[in-house]
């Protein structure tokens, strides 16, 4: 299904509550109709949906802290109106009256104060202005598989761009591996670090599952022999 333009930007006037969508077009999620946004508009994430530039974006309720919201291009086939809508649901937003066509075009995150987390979009890649830590000096050794939630949209599979910092045992060379949970397995062949002592930084790209998780594994003999910290730099969203 095609998509062109419709890119996210933080509103410089009201960055905590408003975001901007550039002009563009996309087929609806059935692939049958083209929805066109001829002029870029801003929407207010802290207000209930209302039509047009500067109107509210939320499909239902009030904005929550620390939550991913999925932004849809929506269309009213009777009037030809096209607008934007934000929802906590990745696939079933509560649609305004008369609007029956939709297409998810990106997702935005709120912080602990329910403010929009700043991002930059380039095509299908979304980059956090400040990397977000998801793991701090956790012990991952002991030949066990660990599951980590990274900071990416929930409800869809994305490619996470991560900084991984690992610290190996003082003696003996060991591996640290990172993998997509949907692969069903992980071992030292997925390694991102190969080390003996000292901290090593690795920048990796790894697909997540739909719950925003990755796997880690270390063949260090005991849990206390291997540490890992991690930051999410951004993610690639196919916007399907």
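In the numbering used here, the protein residues as written are 5 to 244. From the three backbone atoms N, C-alpha and C, an ideal C-beta is built for every residue, glycine too. This structure is a prediction, so every number in the text was calculated from the model and none was measured.
Would you mind sorting residue i into buried or exposed? The rule is 16 or more other CB atoms within 10 Å of its CB.
{"i": "residue 203", "result": "exposed"}
{"i": "residue 191", "result": "exposed"}
{"i": "residue 46", "result": "buried"}
{"i": "residue 96", "result": "exposed"}
{"i": "residue 151", "result": "exposed"}
{"i": "residue 58", "result": "exposed"}
{"i": "residue 81", "result": "exposed"}
{"i": "residue 127", "result": "exposed"}
{"i": "residue 134", "result": "exposed"}
Report, in whole angstroms, the separation of the C-beta atoms of residue i and residue j, which I expect to be a contact under 8 Å.
{"i": "residue 10", "j": "residue 86", "result": "Going by Cβ atoms, the distance from residue 10 to residue 86 rounds to 10 Å, so no, they are not a contact pair."}
{"i": "residue 51", "j": "residue 62", "result": "7 Å"}
{"i": "residue 144", "j": "residue 103", "result": "Residue 144 to residue 103, Cβ: 47 Å. No contact."}
{"i": "residue 214", "j": "residue 166", "result": "That belief does not hold up - the Cβ atoms of residue 214 and residue 166 are roughly 17 Å apart, past 8 Å."}
{"i": "residue 109", "j": "residue 19", "result": "That belief does not hold up - the Cβ atoms of residue 109 and residue 19 are roughly 20 Å apart, past 8 Å."}
{"i": "residue 48", "j": "residue 114", "result": "So it is not a contact: roughly 13 Å between Cβ atoms."}
{"i": "residue 2", "j": "residue 220", "result": "Residue numbering for the chain in the displayed model covers 5 to 244; residue 2 lies beyond these limits and cannot be assessed."}
{"i": "residue 238", "j": "residue 130", "result": "5 Å"}
{"i": "residue 178", "j": "residue 222", "result": "6 Å"}
{"i": "residue 154", "j": "residue 218", "result": "6 Å"}
{"i": "residue 138", "j": "residue 234", "result": "5 Å"}
Since residue i sits in a beta bridge, which residues does DSSP pair it with?
{"i": "residue 64", "result": "Partner(s): none; residue 64 has no beta bridge."}
{"i": "residue 233", "result": "169"}
{"i": "residue 106", "result": "78"}
{"i": "residue 30", "result": "7, 39"}
{"i": "residue 240", "result": "129, 163"}
{"i": "residue 49", "result": "DSSP output for residue 49 lists no bridge partner at all."}
{"i": "residue 20", "result": "In the DSSP output, where bridge partners are listed per residue, residue 20 has none listed."}
{"i": "residue 113", "result": "72"}
{"i": "residue 88", "result": "77"}
Can residue i and residue j be called in contact, C-beta distance under 9 Å?
{"i": "residue 73", "j": "residue 64", "result": "no"}
{"i": "residue 170", "j": "residue 229", "result": "no"}
{"i": "residue 216", "j": "residue 157", "result": "yes"}
{"i": "residue 75", "j": "residue 25", "result": "yes"}
{"i": "residue 168", "j": "residue 224", "result": "no"}
{"i": "residue 243", "j": "residue 163", "result": "no"}
Measure from the C-beta of residue i to each C-beta in chain D and report whether the shortest distance is under 9 Å.
{"i": "residue 14", "result": "The structure shown has no chain D; it contains just one protein chain."}
Which runs of the beta strand (DSSP E), 3 residues or longer, sit entirely within the segment 118-195? 123-126, 129-143, 149-153, 163-171, 178-183
Runs of 4 residues minimum, wholly inside the segment 201-226: which ones carry the alpha helix (DSSP H) assignment? none
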